[in-house]
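Asks:
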Amino acid sequence: MQREVPVSRAWERKYPEQVVMVTTIGKEGRPNIITLGWAMPTSGTPPMCAISIGLERYSHALLEQVPEFVLTFPAEDMEKAMLLCGTRSGREVDKFQETGLSALPATRVRPPLIGEAVTNMECKVVGAYRTGDHTIFVGEIVAAHHGTREARRLYNLGARFGPLSPE
Ligand SMILES: Cc1cc2nc3c(=O)[nH]c(=O)nc-3n(C[C@H](O)[C@H](O)[C@H](O)COP(=O)(O)O)c2cc1C
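Position 131, counted from 1, in the sequence shown is what this note's numbering calls 120; the numbers after and before it change by one each time, with no gaps.
Next comes the structure, spelled out in structure tokens:
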């Protein structure tokens, strides 16, 4: 049997979900980090990916200034930094300074790599599609890096809701 529920309640059951952290940079050269759940690969050849970013986010404004980003997979021990980057805006704080994460120079784009991440992928924006209150930015992946330390990737288990929350 199935019973109709509000769409928001349906999405509460999507977990576990991947979590990524994306770096961007302003024209003046100050980098930022945003935490995202909504990211996916979209093409193998050429390698491409898509990220969905809310219209109000500082990262959205930065991507309009400099259409490049680095898609990173955070490591398990980066939970605190992931939450800070997902709850504070780069309009108010310098998230590299606040989290203590290391900004390493990328090879083909201006935003930095995150030194502690499991994987970093350098992307150039090749398209943007407005979808309601978010924009899907499509990136061509122009370089990729693996972290050299032993670390597992961080996932969002949706602890706020539990696997099957009561209605
Ligand atoms: C686990 C998690 C997943 C998130 N996923 C997204 C997402 O997919 N898209 C988005 O726009 N914001 C997402 N957010 C919210 C942003 O990370 C948050 O609004 C952030 O403070 C924006 O930073 P900025 O203003 O510096 O760009 C997520 C936050 C968390 C904690």
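Here a beta-carbon is modelled for each residue, glycine too, at the ideal position from N, C-alpha and C.
Would the beta-carbon of Ser91 be found less than 6 Å away from any heavy atom of ligand 1?
Replies: Ser91: no, Cβ never under 6 Å from ligand 1.
Asks: Determine the closest residue to Ser23 out of Leu90, Val(-4) and Ser32, with distance taken between C-alpha atoms.
Replies: Checking the sequence shown, residue 23 turns out to be Ile, not Ser. Here the closest residue by C-alpha is Leu90.
Asks: Which class does Thr12 belong to by DSSP, given the choice of helix, strand or coil?
Replies: strand
Asks: Regarding Tyr47 and ligand 1, is the C-beta to nearest heavy atom distance less than 6 Å?
Replies: yes
Asks: Compute the Euclidean distance between the alpha carbons of Thr34 and Arg19, then round it to the nearest angstrom.
Replies: For Thr34 and Arg19, the distance between alpha carbons rounds to 32 Å.
Asks: Where does Leu102 land, buried or exposed, given buried means 16+ other C-beta within 10 angstroms?
Replies: buried
Asks: Could you check if Ser48 is buried or exposed, using at least 16 other CB atoms within 10 Å of its CB as the buried criterion?
Replies: It counts as buried.
Asks: May I ask which residues mark the beginning and end of the alpha helix (DSSP H) holding Leu90?
Replies: Counting along the chain, Leu90 falls outside any alpha helix (DSSP H), and DSSP gives it neither H nor E.
Asks: If Phe157 and Ile42 are in contact, beta carbons under 8 Å, what's the gap, nearest whole angstrom?
Replies: The question about residue 157 has no answer, for the chain in this structure spans -10 to 156.
Asks: Looking at ligand 1, does it come within less than 6 Å of Gly75, judged from the CB to the closest heavy atom?
Replies: yes
Asks: Terminal residues of the continuous beta strand (DSSP E) containing Met29?
Replies: Ala28 to Ser32
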